[in-house]
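In this text, residue positions in the sequence shown follow the working numbering: the first is 1202, and each later residue adds one. Glycine included, C-beta positions come from ideal geometry on N, C-alpha and C.
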Amino acid sequence: MNFSKHILIFSVLSFLIFLNISVLSCSKSNVNKSTKFSIVCTTFPQYDWVKNITAGNEDKFEIYLLMNKGSDLHNYQPTAQDMIKIASSDLFIHVGGISDIWVKDALKESKTNIIVLNLVDILGNKLKIAKHIEGIQETEHHDDECPATCHACCQEKCHTDCHADCEEHHHEHLHNHNDEHVWLSLRNAEIFISKITDSISILDKTNANQYKTNAENYNNMLKELDLSYKTVVETAKRKTILFGDRFPFRYFVDDYGLTYFAAFSGCSAESEASFETIAFLAKKVSALSLPVVFVLEKSDTKIAQSIIANTENKNAKILVLNSMQSITAKDIESGANYLDIMKKNLDALKTALN
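The following block contains the structure:
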């Protein structure tokens, strides 16, 4: 009996020691986890910039990309899990503009000390109004449909109320709205990276100098690439590009003094171009002897094919100019990054202008 009793006592003590070790281990794990700063980014360029700025101190951060399934900011709707990530983050970076109207609700339950960076706000007086140019087809809608630009309104209100409140907004959006595609300018990217670095340095003051050094190195690479773009454009035969697709490159073309024609504006929800739009763009390709019709990444190229089929020589090529609006987690795992994509865009532009 005494021997059995000793065995029982030993077993109980062993269990208690094991339990105590487990609790201590979990507590340590939770402490380590809580000391990591949480950074939430809505779009891929922000995410990639943050990764480069924090290089060397990755263990101090949890960095999340919300739009990692191929949907762009115009169609994105946050999940409950996304909202929780935002609310508990230390730094939240988003584009801003009309497509981010959901952000206000997401921030209602956020931590009081969260740092929020709105790229559109950061750009300030450098922000551009999306202008309507000849050839761009406006978004159309029928009387029994809610305007695509009022998608969020339609979700919150009944169908009738949506029309009453959104028709005026829809008209204004078509003709006088800010262009949200601010990341497609290398010069804008430098501004954003500096601001993001400042915010990260506030979170982790100990390594602020390292983040500043990383940002300076990255911005130097942006400057070098910007110079390459400038050289290509200055020595090119042409100064015009044409898109058989949506056109989110307003900041990009303005940086280098290029003119452009396109089927749709950058935030259009349309996917079918009218015959008039196709005919107009086909005439431009022929009249200007344009060797390339551009499309966005993951385009089905149908509009571009129709444009080329209606040109005089029918020999223009279809090339991709990547706007980084459809980057997936799989793309990132395969090595997709902002600088490489912009370098590939430079190669495509060189072909289109010569």
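State yes or no: is the C-beta of residue i within less than 7 Å of the C-beta of residue j?
i	j	result
residue 1254	residue 1292	no
residue 1463	residue 1448	yes
residue 1551	residue 1405	no
residue 1381	residue 1290	no
residue 1517	residue 1528	no
residue 1530	residue 1276	no
residue 1445	residue 1494	yes
residue 1402	residue 1409	yes
residue 1320	residue 1296	yes
residue 1428	residue 1491	no
residue 1322	residue 1539	no
residue 1237	residue 1263	yes
residue 1436	residue 1416	no
Can you name the start and end residues of the alpha helix (DSSP H) that residue i belongs to?
i	result
residue 1481	1476-1488
residue 1391	1387-1404
residue 1507	1503-1510
residue 1287	1281-1288
residue 1315	No alpha helix (DSSP H) holds residue 1315; DSSP gives it neither H nor E.
residue 1292	Careful: residue 1292 lies outside any alpha helix (DSSP H), inside the beta strand (DSSP E) at 1292-1295.
residue 1534	1530-1534
residue 1380	Where residue 1380 is concerned, there is no enclosing alpha helix (DSSP H), given that its DSSP letter is neither H nor E.
residue 1328	Per DSSP, residue 1328 belongs to no alpha helix (DSSP H) and is neither H nor E.
Identify whether residue i lies in helix, strand or coil by the three-state DSSP scheme.
i	result
residue 1364	Interpretation of residue 1364 is limited by its pLDDT of 41, a score under 50 that renders its predicted location unreliable; the figure taken from the coordinates is listed afterwards. If DSSP states are grouped into helix, strand and coil, residue 1364 belongs with the helices.
residue 1417	helix
residue 1446	strand
residue 1302	coil
residue 1239	strand
residue 1542	helix
residue 1256	coil
residue 1441	strand
residue 1430	helix
residue 1310	coil
residue 1516	coil
residue 1277	coil
residue 1244	coil
residue 1555	coil
residue 1231	For residue 1231, the predicted structure reports a pLDDT of 45, less than 50, and the residue's modelled location is therefore unreliable. A value from the coordinates is still provided. If DSSP states are grouped into helix, strand and coil, residue 1231 belongs with the helices.
residue 1222	Legend: pLDDT at residue 1222 = 41, less than 50; position of this residue unreliable, no value from coordinates given.
residue 1460	strand
residue 1202	At residue 1202, the pLDDT of 47 sits below 50, so the modelled position is not reliable; the number obtained from the coordinates is stated separately. Three-state result, residue 1202: coil.
residue 1341	Residue confidence for residue 1341 is low, a pLDDT of 46 falling below 50, so the modelled location carries little weight; the figure read from the coordinates is stated next. Reduced to three states, the DSSP call for residue 1341 is coil.
residue 1499	coil
Out of the options, which one is the CA nearest neighbour of residue i?
i	options	result
residue 1431	1304, 1453, 1538, 1534	1453
residue 1329	1287, 1389, 1494	1389
residue 1513	1407, 1480, 1379, 1498	1480
residue 1519	1257, 1502, 1411	1502
residue 1331	1271, 1383, 1323	1383
residue 1419	1436, 1455, 1494, 1387	1387
residue 1500	1250, 1246, 1272, 1248	1272
residue 1524	1287, 1533, 1543, 1515	1543
residue 1548	1282, 1533, 1522	1522
residue 1421	1395, 1443, 1407	1395
residue 1532	1237, 1246, 1236	1246
residue 1258	1284, 1385, 1414	1414
residue 1311	1442, 1286, 1417	1286
residue 1486	1507, 1266, 1392	1507
residue 1309	1284, 1327, 1322	1284
residue 1379	1324, 1411, 1281	1324
residue 1450	1392, 1411, 1526	1526
residue 1457	1416, 1306, 1498, 1426	1426
residue 1488	1455, 1473, 1515	1515
residue 1327	1433, 1407, 1392	1392
residue 1473	1505, 1314, 1498	1505
residue 1541	1385, 1465, 1434	1385
residue 1265	1298, 1251, 1274	1251
residue 1298	1314, 1274, 1279	1274
residue 1256	1314, 1279, 1412, 1423	1412
residue 1433	1316, 1317, 1314, 1546	1546
Going by DSSP, what residue range makes up the beta strand (DSSP E) through residue i?
i	result
residue 1523	No beta strand (DSSP E) contains residue 1523, which DSSP labels as neither H nor E.
residue 1263	1262-1266
residue 1496	1493-1496
Just to check my reading of the structure: residue i and residue j have Cβ atoms closer than 8 Å, yes? What is that Cβ distance to the nearest angstrom?
i	j	result
residue 1302	residue 1243	Incorrect: roughly 13 Å between the Cβ atoms, too far for contact.
residue 1438	residue 1460	Not confirmed; about 14 Å, so no contact.
residue 1483	residue 1511	4 Å
residue 1307	residue 1288	7 Å
Can you find a C-beta in chain B that's less than 7 Å from the C-beta of residue i?
i	result
residue 1413	The question asks about chain B, but that chain is absent: this structure has only one protein chain.
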